[in-house]
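Visitor:
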Amino acid sequence: MGEPEGGPAAAAPRKRADARRNEATLLEAAAAAFRAVGVDAPVRDIAARAGVGVGTIYRHFPTRADLIVAVYRHQVQACAEAAPALLATSGTPHAALAAWIDLFVDFLVTKHGLAGALQSDDTTFETLHAYFLDRLVPACAQLLDAATEAGEIQPGPTPQALLFAVGNLCAGAGRMPGYDARRMVALLVAGLRRS
Numbered sequence: 020m021g022e023p024e025g026g027p028a029a030a031a032p033r034k035r036a037d038a039r040r041n042e043a044t045l046l047e048a049a050a051a052a053f054r055a056v057g058v059d060a061p062v063r064d065i066a067a068r069a070g071v072g073v074g075t076i077y078r079h080f081p082t083r084a085d086l087i088v089a090v091y092r093h094q095v096q097a098c099a100e101a102a103p104a105l106l107a108t109s110g111t112p113h114a115a116l117a118a119w120i121d122l123f124v125d126f127l128v129t130k131h132g133l134a135g136a137l138q139s140d141d142t143t144f145e146t147l148h149a150y151f152l153d154r155l156v157p158a159c160a161q162l163l164d165a166a167t168e169a170g171e172i173q174p175g176p177t178p179q180a181l182l183f184a185v186g187n188l189c190a191g192a193g194r195m196p197g198y199d200a201r202r203m204v205a206l207l208v209a210g211l212r213r214s
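Per my numbering, the sequence shown starts with residue 20, numbered consecutively.
1) For T75 and T44, what's the separation of their Cα atoms in angstroms?
2) Looking at the structure shown, is R212 part of a helix, part of a strand, or coil, going by DSSP?
3) Using a Cβ-Cβ cutoff of less than 7 Å, which residues in the same chain neighbour A160 once the five nearest sequence positions on both sides are dropped?
4) How would you write the range of the alpha helix (DSSP H) that Y77 sits in, first residue to last?
5) Between the alpha carbons of R40 and E47, how many angstroms are there, rounded?
6) Could you name the residues of the same chain whose beta carbon sits closer than 6 Å to that of A102, not counting the 5 residues immediately before and after it, in chain order?
7) Check whether the Cβ atoms of L151 and V185 lie closer than 8 Å to each other.
8) Looking at the secondary structure, which residues open and close the alpha helix (DSSP H) in which D121 lies?
9) My guess is that G170 and R213 are in contact by the Cβ rule of under 8 Å, so how many angstroms apart are they, rounded?
10) Going by alpha carbons, who is nearest to R54 out of A209, I87, A104 and A99?
11) Hey, how far is the Cα of G72 from the Cα of M203?
12) So, V124 versus R201, is the Cβ gap smaller than 8 Å?
13) Rounded to whole angstroms, what's the CA-CA distance from I172 to E42? Just pull it up for me.
14) Please return the same chain residues whose Cβ sits closer than 7 Å to the Cβ of H79, not counting the five positions on each side in sequence.
15) List the DSSP bridge partners of I172.
Here you go:
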């Protein structure tokens, strides 16, 4: 005899969806706190932003390193998933590429303290660079290929080279008064266009 409709079997998928939604809410709250004050943001502030108790955060992420890794992965995945969505909704592949690079810049310039954390001796962070490359290089390649095939940009730039160039242009953000990383990156992206 099967479970009645709405019984425990029906509740399980909803719980999993609720748990995923709750975790996403925690990660968004942590990301906002990291943007505001850095990766050392007090857990109580993150909990307040998420509307949960501190214990809930520790239940999901037992250490600060676990939380930092989860936020980083969540944001990398969101950036990777944006590429095909932007290709489907933007007027041109170059417009999709420019919008995606803008999201990538947001990701890079809001990582207060993350670089230091990633260079620490904590082994929790060891796999993040590979995760970053595994997700974002194919997303960037998809956009570059589409813009090249449409004849909008010159062939040649590799996704790795473009990501590296954007990363270098963002390195001065927040360190040099008057430096506008977004403007510099926009010039780089405009320079990819065929004349």
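Cβ coordinates follow ideal geometry from the N, Cα and C atoms, glycine included. For clarity, every value in this text was computed on a predicted model and none was experimentally measured.
Guide: Once the coordinates are examined:
1) 12 Å
2) strand
3) P178
4) V73 to H79
5) 10 Å
6) W119, A158, Q161 and L162
7) A small fix is needed here, since residue 151 is Phe in this sequence, not Leu. No.
8) P112 to V128
9) 6 Å
10) I87
11) 41 Å
12) yes
13) 39 Å
14) E42 and L45
15) R212
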